[in-house]
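Heads up, the sequence shown is in my numbering, so the first residue is 40 and it goes up one at a time.
C-beta: ideal position from N, C-alpha, C; glycine also.
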Amino acid sequence: MSNMHRESLFESDFMRLFVRHEPVLRAYARTLLPDWNLVDDALQEASVTMWEKRGQLEDSSGFLPWAKVIVRFKCLSMIATLRRSRLLLSDEVLQQLAEEAEALQAEELTAIRQALSHCLSKFDQAHQELLLAPYSGDGRVQELAALCGKSANAFYKLLGRLRDKLADCVRIQLQLEGL
Numbered sequence: 040m041s042n043m044h045r046e047s048l049f050e051s052d053f054m055r056l057f058v059r060h061e062p063v064l065r066a067y068a069r070t071l072l073p074d075w076n077l078v079d080d081a082l083q084e085a086s087v088t089m090w091e092k093r094g095q096l097e098d099s100s101g102f103l104p105w106a107k108v109i110v111r112f113k114c115l116s117m118i119a120t121l122r123r124s125r126l127l128l129s130d131e132v133l134q135q136l137a138e139e140a141e142a143l144q145a146e147e148l149t150a151i152r153q154a155l156s157h158c159l160s161k162f163d164q165a166h167q168e169l170l171l172a173p174y175s176g177d178g179r180v181q182e183l184a185a186l187c188g189k190s191a192n193a194f195y196k197l198l199g200r201l202r203d204k205l206a207d208c209v210r211i212q213l214q215l216e217g218l
């Protein structure tokens, strides 16, 4: 009976840790994967693996580094699958992004993600789509320009102005939060 009680406490502790660190793990996965749908898939697969391997976890202080390793491997597996269907960033660039993401503190990642999401929501739908277009695949900006009957150059200029506004908004949000 005590083993069963101990196991259920461990399971609840694991769930608390996962829920607490999920935004950081999601932000970390986004540094490696090209879109949020893939991040959702990777995090779902990683959470199953974490659950299956939760016995490896010795204490709560080691959860985040342990979980990031699992998320990283799931992301790399998805990238390998994606490479077969389209061009992605090189391994060296992905490694550098992962290392830079590791260097950021969990709170900073969460604050940046929230500020970015908040600021992005201030743009209308068309501008949000244009801001995200370069990250959704090859030729998306040109495609949007063609749909609107404008030149790709005009769209890239607009994209530059929108990115500046977005960056200014994120900086202000982070300053308001003391970061």
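As assigned by DSSP and simplified to three states, the class of Pro73: As a working note, residue 73 is residue 34 in the sequence shown. Looking at Pro73 - three-state DSSP - the assignment turns out to be coil, as it is neither helix nor strand.
Go ahead and label Arg210 buried or exposed: buried means 16 or more other beta carbons lie within 10 angstroms of its beta carbon, across all protein chains shown. In the sequence shown, counting from the first residue as 1, residue 210 sits at position 171. With fewer than 16 other beta carbons inside 10 angstroms of its own, Arg210 counts as exposed.
Using the three-state DSSP reduction, which class does Glu97 fall into: helix, strand or coil? Within the sequence shown, numbered from 1, the residue matching residue 97 stands at position 58. Coil at Glu97, not helix or strand.
Boundaries of the alpha helix (DSSP H) in which Asp207 is found, first to last residue: As a first step, residue 207 is located in the sequence shown; it is residue number 168 there, counting from the start. First-last of the alpha helix (DSSP H) with Asp207: Ala191 to Leu215.
Cβ-Cβ distance between Thr88 and Ile109 below 8 Å: For the purposes of this step, residue 88 is taken as the residue at position 49 of the sequence shown. For the purposes of this step, residue 109 is taken as the residue at position 70 of the sequence shown. Contact: yes.
If you run the structure through DSSP and keep just helix, strand and coil, what is Ala162? Mapped onto the sequence shown, residue 162 falls at position 123. Reading off the sequence, residue 162 comes out as Phe, not Ala. When DSSP states are grouped into helix, strand and coil, Phe162 belongs to the coil group.
From Ala193 to Ala140, what does the alpha carbon distance come to, in whole angstroms? Position 154 of the sequence shown, counted from the first residue, corresponds to residue 193. Position 101 of the sequence shown, counted from the first residue, corresponds to residue 140. Taking the CA atoms as reference points, Ala193 sits about 33 Å from Ala140.
Considering only the beta carbon of each residue, do Arg111 and Ala137 sit closer than 8 Å? In the sequence shown, the residue the question calls residue 111 occupies position 72. In the sequence shown, the residue the question calls residue 137 occupies position 98. With respect to Ala137, Arg111 sits close: the two C-beta atoms are nearer than 8 Å.
If you draw a straight line from the C-alpha of Ser47 to the C-alpha of Phe53, how long is it? Locating residue 47 in the sequence shown gives position 8, counting from the first residue. Locating residue 53 in the sequence shown gives position 14, counting from the first residue. With a pLDDT of only 39 at Ser47, under the threshold of 50, the placement of this residue in the model should not be trusted; the figure read from the coordinates follows. Going by C-alpha positions, Ser47 is about 10 Å away from Phe53.
If you draw a straight line from the alpha carbon of Gly217 to that of Ser99, how long is it in whole angstroms? In the sequence shown, residue 217 corresponds to position 178, counting from 1. In the sequence shown, residue 99 corresponds to position 60, counting from 1. Here the alpha carbon of Gly217 sits roughly 28 Å from the alpha carbon of Ser99.
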